[in-house]
Every structure is written in structure tokens, then in C-alpha cells.
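In this text, residue positions in the sequence shown follow the numbering used here: the first is 10, and each later residue adds one.
Notes follow once the structure below has been shown.
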Amino acid sequence: MRSYLVTGTAGFIGFSLARVLLQRGIRVVGIDAVNDYYSVRLKEDRLAILRQFPHYEHHQLDLADGAGIRRIFAAESFDRVVHLAAQAGVRYSIEHPEVYVQSNLVGFFHILEACRRHSIPHLTYASSSSVYGANTEMPFSIHQNIDHPLSFYAATKKANELMAHTYSHLYGLPTTGLRFFTVYGPWGRPDMALFLFTKAILEGRPIQVFNQGKMRRDFTYIDDIVEGVFRTSEKIATPNPDWSGDDPDPGTSRAPYRVYNIGNNQPVELGYFIETIERAIGREAVKELLPMQPGDVPATYADIDDLVADVDFRPQTSIEEGVGRFIAWYREYYGV
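This is how it looks when you write it as C-alpha cells:
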């Protein structure tokens with residue numbers, strides 16, 4: 010049986026990936042600290058589903074615990090490592106940057122070191138569309154420079170890409186970074202817009218709409234994210250033979266290093282997103298219009314040409330279908 014190590018299996022994307030891997034007959038070893046950044050009950054309920062599979066093994070561990078990470082790698086043999094655990098949230102990083110240092114930087118270092126020492130065939134890790142920061146040329150391409158992040162969260166994700174590249178260059182460790190674009194769907198995070206809007210509308214409370222609802226996001230359904238993660242993990246990163254230091258391509262390297270966008274490639278204005286939620290719920294929202302939040306960007310839009318070319322995958326789920334599935338899950342999970 011093939012074996013994957015997945016970090017962040019109590020989290021939204023990590024849980025969703027692990028469940029699909031288990032359903033496909035792949036053994037999964039999961040790591041998660043199960044912190045209280047948001048509902049621990051939601052995280053435990055995700056883990057309860059994974060624990061129903063006999064070939065799932067869970068370790069409750071903080072990634073900053075280097076000795077604990079070393080023990081897990083020493084006791085196991087992994088065909089792939091997918092690192093999805095991180096401290097998420099752009100706004101939270103403005104008030105609590107120190108948390109991001111331990112989780113996103115120190116934790117990632119321990120994973121890189123363990124992969125190097127145990128000759129892991131391929132490390133795939135979560136980056137973020139936030140790395141594009143002040144870029145305004147749309148759609149965002151992996152071949153663009155990303156030197157101007159607008160939040161500390163984004164800075165840690167860019168740092169992850171730089172750290173991965175050095176390990177690919179120095180030690181030949183194949184690494185692939187995935188820049189996720191506004192992931193949503195069943196079992197999603199309670200601090201994300203779809204969850205917050207749905208809860209407020211069903212409870213008859215106003216929703217907070219930033220930038221007067223004029224923001225545009227490349228909302229990407231969780232099933233599409235998971236398929237993209239699986240396909241890119243299975244395709245081991247290789248050097249780009251045409252890469253040149255005279256005109257360096259940020260998205261590839263002469264080392265076994267790759268970066269991909271995983272986005273729906275169809276940005277939606279926040280106002281239309283809210284209308285879609287209203288139609289799915291059958292109730293109109295009361296809107297509190299607010300200015301742009303610090304650290305936010307006005308628009309995201311993924312160029313996925315490299316994803317399509319290299320792993321033959323393009324997200325397919327429409328915003329109407331995805332929101333409808335989330336609302337159905339929310340009503341069932343919370344008994345609304």
C-alpha cells in the first residue's frame with residue numbers, strides 16, 4: 010500500500026485531501042496540532058471521519074516540535090509528503106505575527122529537514138495566492154515576480170517557496186508549491202467569507218462586506234483543489250532545462266522545483282458571490298458596507314496554463330454549484 014504523510018489533517022484542505030487518498034486505497038499518516046484558532050469541535054469531527062478508515066494514523070503534534078517530527082519520519086516510509094498545516098488568515102497575521110513564525114516558518118523548516126534526511130521522493134506544500142501582493146497584472150502568473158507581499162501571512166508563504174527552492178537546489182529534494190485561490194466548500198473554515206455570510210444570513214444578522222463588495226476573488230471549490238493537489242503530488246518536480254540565470258523564471262528552476270496556481274480561473278465579484286448565497290439560502294442578506302481591510306487585495310485571478318499543461322487538470326466547479334453544496338452541508342451539520 011502506498012503511503013502519504015499529510016500535515017494539517019484536522020484542517021479544511023488537509024482533511025479533504027486525506028479522505029480522498031484513503032478512499033483511493035492510499036495509507037495516510039496525518040499530523041495536526043488541533044489548535045483553537047477556530048472551532049476545535051469542527052476539527053475533531055473531521056478527524057472522526059478519517060479515523061473510520063483502518064489505514065489512517067493520526068499524530069497530534071505541533072510542527073514546531075522538531076524532535077516529534079523526526080520521530081515520525083524515522084518510524085515510517087513515505088512515498089509522498091504533502092504539507093498543508095499552517096497558521097492561516099491574512100487579518101489574524103496583522104495582530105499575531107509571532108504565531109506565523111512558529112507555524113509557517115519553523116514548522117516548514119522541520120518538514121524540509123525531515124524530507125531531506127529521509128530522501129522523500131516528492132514534497133508538495135501549500136503556498137497561497139496572497140504571495141502576489143501588490144501585483145495588479147491579471148491573471149496572476151507563476152512567472153511573475155512576487156516581491157511585494159501585503160501581509161505577514163503572505164510573506165511567510167513566499168518564504169516557504171524560497172526555503173523549498175534552496176532545499177531543491179542544495180540537496181536535490183523535489184518540491185512543488187501550490188498557490189491556492191480562495192478555497193471554499195463543505196467542511197470549510199469558519200473564518201472564511203462563505204461560512205461567515207451563511208451563518209449571519211441564517212441567523213438574521215448583518216454581513217460585513219469589505220471594499221463595498223467590489224472585490225473580486227477566484228473562488229475555487231474544495232474538490233477541485235484536492236484533485237489539483239493529488240495530481241501535482243503524483244508528478245514529481247523536475248528541473249527546467251531551459252532555465253537561465255540571465256533571465257530567471259520565478260516559477261521554475263534548474264533545480265527540481267515547481268510552483269503552480271490552483272484557481273478556478275473565473276474571478277467573481279463579491280457582490281455576485283453574496284447574491285449566489287442568498288439564492289441558495291432563500292433569504293436576502295442585510296449588508297454592512299465597509300472599506301478595504303489592511304492586508305487585503307482588491308482582486309485575485311489565477312493563470313493556470315502551467316497546471317493544465319503539466320498535469321492536465323482544470324477546475325470545473327461553478328460558483329453556483331459549489332455554494333449550493335456548501336449550504337446543504339451547513340444546514341445538515343448544524344441542523345439548521
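Glycine included, each C-beta is placed from N, C-alpha and C at the ideal position.
In this text the structure is predicted, and so the values were computed from the model without any measurement.
Check: Which residue marks the beginning of the alpha helix (DSSP H) containing Leu-51, and which one marks its end?; Outcome: 49-59
Check: By the DSSP assignment, the alpha helix (DSSP H) with Thr-184 in it spans what residues?; Outcome: Unbroken run through Thr-184 is the beta strand (DSSP E), 184-189; no alpha helix (DSSP H).
Check: Assign Ser-25 to buried or exposed, taking buried as 16 or more other Cβ atoms, counted over all protein chains shown, within 10 Å of its Cβ.; Outcome: buried
Check: Can the beta-carbon of Tyr-230 be found less than 8 Å from the beta-carbon of Tyr-193?; Outcome: yes
Check: Which same chain residues end up closer than 6 Å to Glu-66 when comparing Cβ atoms and leaving out the 5 residues on each side of it in sequence?; Outcome: Val-38
Check: Can you give me the start and stop residues for the beta strand (DSSP E) that Ile-383 sits inside?; Outcome: The question about residue 383 has no answer, for the chain in this structure spans 10 to 345.
Check: Work out the CA separation of Ser-177 and Gly-254 for me, nearest whole Å.; Outcome: 16 Å
Check: Do Asp-315 and Ile-151 have their CB atoms nearer than 8 Å?; Outcome: yes
Check: Taking the alpha-carbon of Gly-425 as reference, which of Ala-337, Pro-106, Tyr-141, His-92 has the nearest alpha-carbon?; Outcome: Limits of the chain in this structure are 10 at one end and 345 at the other, which puts residue 425 out of reach.
Check: Let me know the alpha helix (DSSP H) ranges lying completely inside the region 62-150, each 4 residues or longer, listed in chain order.; Outcome: 75-84, 99-104, 106-109, 116-126
Check: Alpha carbons only, please: which of Ala-264, Phe-204, Gly-280, Phe-282 is nearest the one belonging to Tyr-47?; Outcome: Phe-204
Check: Since Lys-353 is in the beta strand (DSSP E), which residue starts that stretch and which ends it?; Outcome: Outside the displayed range of the chain (10 to 345) lies residue 353, so it cannot be described from this structure.
Check: Could you compute how far the alpha carbon of Ile-245 sits from the alpha carbon of Pro-130?; Outcome: 7 Å
Check: Leu-132 and His-157: beta carbons closer than 8 Å?; Outcome: no
Check: Can you give the Cα-Cα distance for Ile-22 and Pro-257, rounded to whole angstroms?; Outcome: 32 Å
Check: Please report the distance separating the alpha-carbon of Leu-14 from that of Arg-89.; Outcome: 6 Å
Check: Report yes if the CB atom of His-68 is closer than 8 Å to the CB atom of Leu-31, and no otherwise.; Outcome: no
Check: For Arg-60, count the other beta carbons within 10 Å of its own beta carbon; 16 or more makes it buried, fewer makes it exposed. Which is it?; Outcome: exposed
Check: What residues in its chain sit with their C-beta under 7 Å from that of Ile-234, if we drop five residues either side in the sequence?; Outcome: Ile-22, Phe-189, Val-192, Ile-271
Check: Could you pull out every residue in the same chain whose Cβ sits closer than 8 Å to the Cβ of Met-301, ignoring the five residues on either side in sequence?; Outcome: Phe-219, Asn-220, Met-224, Pro-307
Check: If you drop the 5 nearest sequence neighbours on each side, which residues of the same chain put their C-beta closer than 6 Å to that of Arg-11?; Outcome: Ile-35, Asp-88
Check: By DSSP's criteria, Asp-41 is part of a beta bridge. Which residues make up the other side?; Outcome: Gln-69
Check: Just the C-alpha distance for Ile-286 and Asp-305, rounded to the nearest angstrom, thanks.; Outcome: 22 Å
Check: Check Asn-270 in the structure and name its three-state DSSP category.; Outcome: strand
Check: So, at 8 Å on beta carbons, what are the nonlocal neighbours of Pro-259 in its own chain, with the 5 sequence-adjacent residues on each side left out?; Outcome: Ile-151, His-152, Gln-153, Asn-154, Ile-155, Val-268
Check: Report whether the distance from the Cβ of Asp-45 to the nearest heavy atom of the ligand ATP is below 7 Å.; Outcome: This structure lacks the ligand ATP, and indeed carries no ligand of any kind.
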